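Visitor:
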Amino acid sequence: MSNNEQDILSQITDEEYKYGFVSNIDQDILEKGLSEDTIRFISAKKGEPEWLLNWRLKAYRHWLTMTEPRWQNVQYPPIDYQAISYYASPKEGNKLNSLDELDPEIKATYDKLGIPLEEQLLLAGVAVDAVLDSVSVITTYKEKLAEKGVIFSSISEAVHEYPDLVKKYLGSVVPYTDNYFAALNSAVFSDGSFVFIPKGVRCPMELSTYFRINAQGTGQFERTLIVAEESAYVSYLEGCTAPKRDENQLHAAVVELVAMADAEIKYSTVQNWYPGDKDGKGGIYNFVTKRGVCMGNNAKISWTQVETGSSITWKYPSVILKGDNSIGEFYSVALTNNMQQADTGTKMIHIGKNTKSRIVSKGISAGKSQNSYRGLVKVRKSAAGARNYSQCDSLLMGDKCGAHTFPYFEINNNSATVEHEATTSKIGEDILFYCNQRGISQEDAVALIVNGYAKEVLDKLPMEFAVEARKLLAISLEGSVG
Amino acid sequence: MENVLEHTLADRLTAHLASLGEQPLAAQRQEAAAAFSALGLPDTTHEDWKYTNLTDVGRLDPLAGAPVIDLSTIELGPYRIAGLDAVELVFVNGRFAPSLSQEWHTGNQFAGSLQHALVQIPEPVLAHLGQYARVCEEGFTALNTLLAHDGFVVYGAKNERWDKTVVVYHLSTGTKEQCWTNTRNLVVAEAGCDVTIIEKYISLSPVFDNDVLEIAVGANASVQHYKLQTRYGDAWHNGTTRVQQERDSQYYNATISWSGGRVRNNLQAAHAGQHCETNFYGLYLLDHDNLIDNHTLVDHAMPNCYSNELYKGIVGADGKAVFNGKILVRPDAQKTNAYQSNANILLADTGTINAKPELEIFADDVKCSHGATTGQLNQDELFYLKARGIPEDKARTILLTAFAGQVVEQVRIPALRDDLLEQLMKELHHLQIEF
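These protein sequence lines are chains A and B, in that order.
Counting the first sequence from 1 gives a position; this note's numbering is that position plus 92.
Counting the second sequence from 1 gives a position; this note's numbering is that position plus 59.
#1: Could you tell me which residues DSSP pairs with E330/A in its beta bridges?
#2: So F286/A packs on L317/A, CB below 8 Å; how close in whole Å?
#3: Which of the residues in the segment 496 to 513 of chain A, read from start to end, lie with their CB under 8 Å from any CB of chain B?
#4: Nearest to Y366/A by alpha carbon, out of A275/A, N429/A, F313/A, V411/A?
#5: Could you give the first and the last residue of the continuous alpha helix (DSSP H) run that contains A122/B?
#6: Count Cβ pairs between the segment 261 to 273 of chain A and the segment 138 to 155 of chain A that sit closer than 8 Å; are there 3 or more?
#7: Confirm, please, whether the CB-CB distance from S172/B to L148/B is below 9 Å.
#8: Just the Cα atoms here: how many angstroms apart are K414/A and G444/A?
#9: Grouping DSSP H, G and I as helix and E and B as strand, with all else coil, what is P169/A?
#10: Could you tell me the alpha carbon to alpha carbon distance between H442/A and I419/A, rounded to whole angstroms?
#11: What separation, rounded to the nearest whole angstrom, lies between the Cα atoms of S248/A and Y359/A?
#12: Can you name the residues of chain A whose CB is closer than 9 Å to the CB of A431/B?
#13: Which residue wins for smallest C-alpha separation from F199/B, given the options T234/B, H296/B, E134/B, D129/B?
#14: Quick one: is D416/A near chain B, going by C-beta distance under 9 Å?
#15: Secondary structure at Q483/A, three-state DSSP: helix, strand or coil?
#16: Looking at C252/B and A123/B, is the spacing between their C-beta atoms short of 9 Å?
#17: Looking at the secondary structure, which residues open and close the beta strand (DSSP E) in which V319/A lies?
#18: Could you give the first and the last residue of the continuous beta strand (DSSP E) run that contains W406/A?
#19: Mind checking the segment 414 to 430 of chain B against chain A and listing, in chain order, the residues whose C-beta falls within less than 9 Å of any C-beta there?
#20: Under 8 Å, with one C-beta from each stretch per pair, do the segment 293 to 304 of chain A and the segment 318 to 332 of chain A reach the 3-pair mark?
#21: Compare the Cα-Cα distances from D424/B to each of Q433/A, R472/A, I519/A and report the closest residue.
#22: Look up P450/B in the DSSP assignment and say whether it is helix, strand or coil.
#23: Going straight from the alpha carbon of R290/B to that of Y260/B, what length do you get?
#24: Could you give the distance in angstroms between the alpha-carbon of A279/A and the alpha-carbon of G375/A?
#25: Please state whether DSSP places V178/B in a helix, a strand or coil.
#26: So for F199/B, helix, strand or coil by DSSP?
#27: Against chain A, with Cβ distances strictly below 9 Å, would N403/B count as a contact?
#28: Excluding the five sequence neighbours on either side, which residues of its own chain have a C-beta within less than 6 Å of the C-beta of P290/A, listed in chain order?
#29: Would a check of beta-carbon distances place E368/B closer than 9 Å to chain A?
#30: According to DSSP, is N389/A helix, strand or coil?
#31: With distances taken from CA atoms, which of R476/B, N401/B, K223/B, Q491/B is nearest H512/A?
#32: So, is the C-beta of D522/A closer than 9 Å to a C-beta in chain B?
#33: Mind checking whether Y261/A and V350/A have CB atoms under 9 Å apart?
#34: Can you list, in chain order, the residues of its chain whose CB lies under 6 Å from that of S384/A, leaving out five sequence neighbours each side?
#35: Give the straight-line distance between the Cα atoms of E210/A and K234/A, rounded to the nearest whole angstrom.
#36: Verify whether the separation of the beta carbon atoms of F382/B and A414/B is less than 9 Å.
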């Protein structure tokens with residue numbers, strides 16, 4: 093066994109949720125409650141132009157007419173939307189020019205999270221946009237990216253600096269009418285990342301956003317918008333953590349991706365929001381709408397996600413394959429332990445000719461958790477020669493957990509080929525015995541097997557993330573083996 | 060608007076119920092009336108009815124029933140399966156046709172109408188009827204319980220082995236005003252009993268059949284059940300089959316649907332004891348504006364059970380096929396082995412396939428898998444045959460026969476298998492011409 097795996101296993105025994113600290117930062121927190129005034133306040137605070145305020149208000153008014161969906165395979169008590177504060181930011185929201193000006197507490201927060209905010213960590217080669225509660229704190233490597241014409245900034249800055257671009261694409265993939273949480277997000281979103289890769293540019297480094305919920309009684313509603321022009325390429329990573337609290341906090345984000353002809357967007361998520369304690373107390377409700385559209389021919393969008401956190405994960409990163417020959421991919425590992433619930437999967441909408449999609453979903457349930465895969469593959473009449481392959485496997489660890497698969501296929505074209513496979517099983521006793529026989533303890537063997545099981549997906553992550561994700565898998569399973 | 064209509068319907072149903080007076084099923088019907096007024100008929104906002112639009116059915120009046128037919132005009136000959144030693148039961152528009160049937164009643168075996176069974180073998184009938192198809196589950200089941208006049212009953216006492224196959228013909232024919240039939244059926248196989256049933260659905264004119272069949276399979280018993288909708292014309296069918304299996308029992312079902320119609324089959328088997336075996340096979344061929352919707356559920360409530368499911372479909376121009384198969388493994392149903400497979404071929408780009416193979420699993424020591432595919436004929440295979448001088452249309456027929464044949468091969472009665480293969484060839488030829 094390599095040292096790396098040794099590390100993972102030693103951490104199994106002594107780690108719990110290690111990102112559960114609270115940072116003592118001076119914060120502006122808006123009073124709880126939601127009304128048109130809340131939205132006007134957020135908009136004014138950010139000095140937003142009139143059109144954006146109007147868009148938010150339209151979204152809010154539409155949201156009021158909607159009812160909360162109930163079809164999902166997760167259970168939670170009703171959310172009181174008036175008991176949430178919709179805006180929290182570190183004080184002195186002045187723009188920062190260098191890292192020295194950053195509040196040392198905030199810097200310490202991100203240091204604890206192991207995020208390379210420091211420029212000297214150049215070797216890591218990752219440009220970071222850090223979002224704390226509602227606002228983007230700092231974006232690194234801006235100049236270096238600007239040389240190539242890449243725009244990587246917080247969305248509130250982008251509204252001022254590139255209003256035309258934001259206006260053109262905001263809500264173009266996920267309109268505010270799309271669903272309940274997307275409407276809520278459109279009304280109250282506070283910040284997020286904006287990425288624009290101009291024609292023919294290959295983004296020279298991985299772009300990354302770290303999301304952190306710090307304040308109590310707040311919800312986080314960020315919005316990410318990534319536009320890749322013709323023949324552009326970008327790889328984008330997001331990571332999420334939150335402090336341990338007894339209350340449930342709502343995280344309702346929207347991510348929109350637009351890939352023009354020949355462009356490629358690779359979007360990776362390592363989601364590690366606080367999952368609640370062993371009895372299911374506290375934790376984040378992660379209700380997110382993620383969708384990408386392959387506008388042009390030969391475009392490609394790839395979602396990779398490792399979901400280990402959140403008390404409830406409920407999201408379906410989707411791809412609309414509009415351009416001919418475009419490709420959509422979805423790779424997912426969703427791990428639930430204790431009382432966690434997950435209902436996640438993807439939607440692949442084939443519209444263009446010869447479009448291809450591939451879905452690989454690996455669910456792992458332990459403790460008393462419930463883990464569902466729900467996915468839709470839709471082949472429209474126009475999508476001649478469309479091709480889909482889906483595989484969703486579930487691994488059950490313990491006799492109190494559940495694993496569920498709900499794949500939907502709607503096929504309207506006879507030249508389409510759609511294949512789906514799913515299996516559910518526990519770790520084979522013969523495999524465990526094989527390991528035991530060679531002197532590998534039960535717990536080590538389980539970690540080894542789980543990592544092997546998820547390898548197909550982990551391999552799709554950028555390298556630094558893959559290591560982190562493997563550790564996360566092992567930590568999240570701690571105490572479930574036996 | 061719709062609510063008002065349903066409300067008046069519920070009122071009329073209550074009135075209808077009162078007019079029936081005292082009878083053995085009065086309590087069940089009472090319960091059904093209450094359930095229906097709460098449930099109504101499902102629509103497409105209902106997850107289970109997402110792909111099947113019932114607007115046409117909603118316009119029909121269930122209380123109008125179906126006309127009474129002169130039995131002398133009916134000729135069974137063309138529908139018979141050659142070379143089969145059978146007990147034949149015929150139901151026309153949900154009413155028993157004694158002149159066309161041979162009721163069978165020995166000491167320990169009964170095959171006949173529900174009305175007769177209630178008189179001759181009331182005990183097992185009343186013990187099982189209404190126990191598995193619950194009225195609170197769906198409006199259609201409630202309506203059936205409320206309105207069904209008759210149906211078939213097959214009963215085998217302990218350790219009875221049936222030498223004869225029971226063949227049930229459901230003939231239906233409607234008029235514009237009267238086109239709703241309800242048939243309520245029951246099969247009881249007590250411990251160690253072994254029985255085979257073939258149901259044939261034949262529609263002579265547009266009609267809506269709303270049928271419920273409950274099957275109780277006792278310990279160590281074995282029930283083989285074929286449901287054939289192979290001459291179904293222009294009719295609507297909603298069939299609910301609920302199977303309850305005791306320990307070590309076997310239930311085998313083959314549902315074969317072609318030659319028209321808009322068909323919805325709800326097939327569910329639940330395990331009430333350990334070491335049960337359940338096999339579901341299905342084949343559907345359709346084109347034009349036909350719809351075939353198969354919903355299946357295997358409810359693994361007990362440990363050490365096995366289930367296997369294979370459904371295949373060929374969809375031509377303007378046909379719409381729906382497959383929703385679910386494997387449910389309840390907590391503590393350890394050592395479950397459950398497999399499900401669904402394969403579809405789309406012949407034309409105006410056909411539609413909506414598949415939803417589901418797994419819901421609450422126990423860890425299980426082996427469950429499902430697979431679903433949709434595609435066209437394999438071009439390599441076609442080329443291989445053509446390269447050997449086989450013309451395109453013949454090559455296609457060969458490949459389609461092989462594809463559909465996998466299900467027909469699972470038919471365990473040789474005479475029926477031959478009959479189905481012959482019909483299959485005709486049916487494929489028909490689909491090919493359309494293509």
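Just so you know, even glycine gets a beta-carbon here, dropped at the ideal spot from N, CA and C.
Quick caveat, the model's predicted, so the values are computed rather than measured.
Guide: Walking through what the data contain:
#1: Working through the first sequence from its first residue, we reach residue 330/A at position 238. Bridge partners of E330/A: T301/A, T361/A.
#2: Reading the first sequence from its first residue, position 194 is the one you call residue 286/A. Reading the first sequence from its first residue, position 225 is the one you call residue 317/A. About 5 Å; that satisfies the 8 Å criterion.
#3: H496, T497, F498, P499, Y500, F501, E502, I503, N504, N505, N506, S507, A508, T509, V510, E511, H512, E513
#4: The count along the first sequence starts at 1 and reaches residue 366/A at position 274. It is N429/A whose Cα lies nearest to the Cα of Y366/A.
#5: Numbered from its first residue, the second sequence carries residue 122/B at position 63. According to the sequence as given, residue 122/B is Leu; it is not Ala. That residue, L122/B, is in no alpha helix (DSSP H); it is neither H nor E in DSSP.
#6: yes
#7: Along the second sequence, one-based indexing puts residue 148/B at 89. Along the second sequence, one-based indexing puts residue 172/B at 113. A contact, by the Cβ cut-off of 9 Å.
#8: Translated into positions along the first sequence, residue 414/A becomes position 322. Translated into positions along the first sequence, residue 444/A becomes position 352. Between K414/A and G444/A, the C-alpha separation is close to 5 Å.
#9: Numbered from its first residue, the first sequence carries residue 169/A at position 77. Coil, per DSSP.
#10: Reading the first sequence from its first residue, position 350 is the one you call residue 442/A. Reading the first sequence from its first residue, position 327 is the one you call residue 419/A. The straight-line gap from Cα to Cα measures roughly 9 Å.
#11: Numbered from its first residue, the first sequence carries residue 248/A at position 156. Numbered from its first residue, the first sequence carries residue 359/A at position 267. Cα to Cα, S248/A sits roughly 21 Å from Y359/A.
#12: As a working note, residue 431/B is residue 372 in the second sequence. Residues of chain A passing the Cβ test: S482, P499, F501, V510, E511, H512, E513, A514.
#13: Numbered from its first residue, the second sequence carries residue 199/B at position 140. When only C-alpha atoms are compared, the closest one is H296/B.
#14: Taking the first residue of the first sequence as position 1, residue 416/A is located at position 324. Chain B, which has no Cβ nearer than 9 Å to the Cβ of D416/A, makes this no.
#15: In the first sequence, residue 483/A corresponds to position 391, counting from 1. It is a strand residue.
#16: By one-based count along the second sequence, residue 123/B stands at place 64. By one-based count along the second sequence, residue 252/B stands at place 193. Cβ distance not < 9 Å, so A123/B and C252/B don't count as in contact.
#17: Counted from its first residue, the first sequence places residue 319/A at position 227. Counting along the chain, the beta strand (DSSP E) containing V319/A begins and ends at 315 to 320.
#18: Position 314 of the first sequence, counted from the start, is the residue given in the question as residue 406/A. Its beta strand (DSSP E) spans residues 404 to 407.
#19: A414, K415, P416, E417, L418, E419, I420, F421, A422, D423, D424, V425, K426, C427, S428, H429, G430
#20: yes
#21: Residue 424/B sits at position 365 when you count from the first residue of the second sequence. Checked all of Q433/A, R472/A, I519/A; the closest Cα to D424/B is I519/A.
#22: The sequence position of residue 450/B within the second sequence is 391, counting from 1. Correct three-state label for P450/B: coil.
#23: Here residue 290/B corresponds to residue number 231 of the second sequence, with the count starting at 1. Here residue 260/B corresponds to residue number 201 of the second sequence, with the count starting at 1. Approximately 7 Å, taken between the alpha carbons.
#24: Position 187 of the first sequence, counted from the start, is the residue given in the question as residue 279/A. Position 283 of the first sequence, counted from the start, is the residue given in the question as residue 375/A. Distance between the alpha carbons of A279/A and G375/A is about 24 Å.
#25: Taking the second sequence and counting its residues from 1, the one referred to as residue 178/B is at position 119. Of the three classes helix, strand and coil, the one that applies to V178/B here is helix, per DSSP.
#26: The residue labelled residue 199/B in the question sits at position 140 within the second sequence. F199/B: helix per DSSP, three-state reduction.
#27: Translated into the one-based positions of the second sequence, residue 403/B becomes position 344. Closer than 9 Å: yes.
#28: Numbered from its first residue, the first sequence carries residue 290/A at position 198. Once the five neighbours on either side are set aside, the close Cβ partners of P290/A are G241, E321.
#29: Numbered from 1 along the second sequence, position 309 holds the residue referred to as residue 368/B. False, the Cβ-Cβ gap to chain A never drops below 9 Å.
#30: Residue mapping note: residue 389/A aligns to position 297 of the first sequence, counting from 1. Three-state result, N389/A: coil.
#31: Taking the first residue of the first sequence as position 1, residue 512/A is located at position 420. Considering only alpha carbons, the answer is N401/B.
#32: Here residue 522/A corresponds to residue number 430 of the first sequence, with the count starting at 1. It does not; no Cβ of chain B falls within 9 Å.
#33: Numbered from 1 along the first sequence, position 169 holds the residue referred to as residue 261/A. Numbered from 1 along the first sequence, position 258 holds the residue referred to as residue 350/A. Yes, Cβ-Cβ distance for Y261/A and V350/A is below 9 Å.
#34: The residue you call residue 384/A lines up with position 292 of the first sequence. The sequence shown places Gly at residue 384/A, rather than the Ser named in the question. Taken in chain order, the residues that qualify are L349, I393, V411.
#35: Mapped onto the first sequence, residue 210/A falls at position 118. Mapped onto the first sequence, residue 234/A falls at position 142. Residue confidence for E210/A is low, a pLDDT of 47 falling below 50, so the modelled location carries little weight; the figure read from the coordinates is stated next. Roughly 13 Å between the two C-alpha positions.
#36: Here residue 382/B is taken as the residue at index 323 of the second sequence, counted from 1. Here residue 414/B is taken as the residue at index 355 of the second sequence, counted from 1. Contact: yes.
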